[in-house]
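Taking my numbering, the leading residue of the sequence shown gets 229, the next gets one more, and so forth.
Cβ atoms here follow ideal geometry from the backbone N, Cα and C, with glycine treated the same way.
I have placed the structure first, in the form of C-alpha cells, so that the comments after it can refer back to it.
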Amino acid sequence: MDRISKPLIVIGSGPWAKKVLEILNESEVVDSLLNLGARELLKMSPVELKLYVKDSIIWLCTNTNLQLEILKKSFGLTNKIILEKPIYSNIDDQEALRHIIKKNGERIYLSTPWLYSKNWENIKHEVKKPSDSLSISIRRFGNVQRNYLYPPQDWLFHDIYLIYDLFKINLTNPINIINKVWSKNHTRLSLSFNVSKSFILMDGGFSFKREACWDVFSKNNQKRFDFYNRGFNLSRIRFDEHTQADFDSDNPVSRMFTHIIQCDENNSNLEIIDLVDYLLNPL
C-alpha cells in the first residue's frame, strides 16, 4: 500500500480515536499523523484553524455534538473530512448535517470501513449469485452504550451502509418495512423488510457479547459471513465445507482511508443517512 503524503489529523481523545491512530501507525499508510482534542480545535479562531489544518485530511472521532460543531466551524475549508458514526443524535442535528453535506458533500465522507474490505467484494459476489429468492439474516450486537443514542442506531449503522451498497436502494429498487420492534428500553431492535426480491431480517443493539454476522440463504445454499471487531479481521464460514477462512491481512480502516484520499467521489452520504433514518429511528 502506497504511503499518503498529505498529513492526517485525528480529532478526538476517546478509545476509537486511539484505535484509529494505532491502526494507521501500524499500517504506515500516512507520513504525518497528528492527534488533537475536539475542544482544543473548537477554541481556535477561523484563521488559526485554517493555518493548523492546511492541506490535511481531518478524521473526526469524537461525540456527535462536537463533530457537528467542528463541521460548522470548518464550513469554509476545503479539507477532506471523515465523519465517524454515530452521525447525529436528534432531528435538529440531522437537519444541520444534511445542510452541511448539501453544501460541502464532495469533501465529507462517512466512515464506512467494511465497504473497503478486500472481502466485501467476495461477499457481494456470493450474495448476488442468481437466485429466485434470497434471504439475509443480520445480527449486530455490541457491548457499548452511549448516552445520546440507542444502541441499535449505533451498531446497526454498519449494516445499513452495507445494505445500501449491496442493493443501491432508490426509487426503482425501493425498500418496504414489514415489521419493526423495539425493546421497551430501546436497547434492541428487530426489523424485517423487502428490497426488490430479497427479504432481510435485522436484529441488533446492546449485548455483553459482541456479535456481527450475516447468514445468506438462497434456494440451495446457506453461507455465513462473520465480521470480527478484534483486529478488524473478516472471516467467512462455509457450512457445506465446515471450514473457516481468516483474512488477517485485511485492514478495512486503512483501506478506507487510502480510498478516500485517492478519489473525488462523494460517498452517497445523504442516501445512507436517509436509510439510517428510515430503518433505525423509533416509530
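Contact set for Thr292: own chain, Cβ-Cβ below 8 Å, skip 5 residues either direction: Pro314, Ile315, Tyr316, Ser317, Asp321, Tyr376, Leu377
At the level of alpha carbons, what is the spacing between Lys352 and Tyr506? 23 Å
What is the DSSP secondary structure of Asp320, reduced to helix, strand or coil? helix
Tell me whether the beta-carbon of Phe385 lies closer than 7 Å to the beta-carbon of Gly432. no
Buried/exposed call for Pro341, threshold 16 Cβ in 10 Å: buried
Buried or exposed for Ile295, please, with buried defined as at least 16 other CB atoms from any protein chain shown within 10 angstroms of its CB. The identity of residue 295 in the sequence shown is Gln, whereas the question assumes Ile. The residue in question, Gln295, is buried, as its Cβ has 16 or more Cβ neighbours within 10 Å.
In whole angstroms, what separates the C-alpha of Ile364 from that of Ile406? 14 Å
Among Thr306, Leu299, Pro274, Arg267, which has the Cα closest to the Cα of Ser284? Thr306
Contact set for Ser477: own chain, Cβ-Cβ below 8 Å, skip 5 residues either direction: Reliability of the predicted coordinates at Ser477 is poor, the pLDDT of 48 falling under 50, and no value is obtained from them.
If you check the beta carbons only, do Lys387 and Ile403 fall under 7 Å apart? Rather than Lys, the amino acid found at residue 387 in this sequence is Asp. No, Cβ-Cβ distance for Asp387 and Ile403 is not below 7 Å.
What span of residues does the alpha helix (DSSP H) with Val248 cover, start to end? 243–255
Please report the distance separating the alpha-carbon of Asn509 from that of Gln381. 7 Å
What does DSSP give as the partner residue(s) for Gln450 in the beta ladder? Phe445
Ignoring anything shorter than 3 residues, give me the beta strand (DSSP E) runs that lie fully in the segment 261–338, in order along the chain. 261–264, 285–288, 309–311, 336–338
Does Arg483 come out as helix, strand or coil in the three-state DSSP assignment? helix
What is the residue span of the alpha helix (DSSP H) that Phe385 lies within? 385–395
Where do the N-terminal and C-terminal ends of the alpha helix (DSSP H) with Trp348 fall, by residue? 348–355
In whole angstroms, what is the alpha-carbon distance linking Lys282 and Phe395? 38 Å
Quick check: Ile328 and Leu362, are their CB atoms within less than 7 Å of each other? no
Please say whether Leu279 and Glu312 have beta carbons closer to each other than 7 Å? no
Only counting the same chain, and skipping five residues up and downstream in sequence, which positions put a Cβ closer than 7 Å to that of Met272? Tyr280
Given a cut-off of 7 Å, decide if Ile286 and Leu264 are closer than it, judged by their beta-carbon atoms. no
Since Asn404 is in the beta strand (DSSP E), which residue starts that stretch and which ends it? 403–410
With Ser523 and Pro235 assumed to form a contact (beta carbons below 8 Å), what rounded beta-carbon distance in angstroms separates them? In the structure as shown, the chain starts at 229 and stops at 511, and residue 523 therefore has no counterpart that could be examined.
Return the Cβ separation of Tyr389 and Leu429 in integer angstroms, given the expectation that the two are a contact with Cβ distance under 8 Å. Not really, about 18 Å apart at Cβ, beyond 8 Å.
Please work out which residues of its chain come closer than 6 Å, Cβ to Cβ, to Lys308, disregarding the five sequence neighbours upstream and downstream, and give them in chain order. Ile285, Arg335
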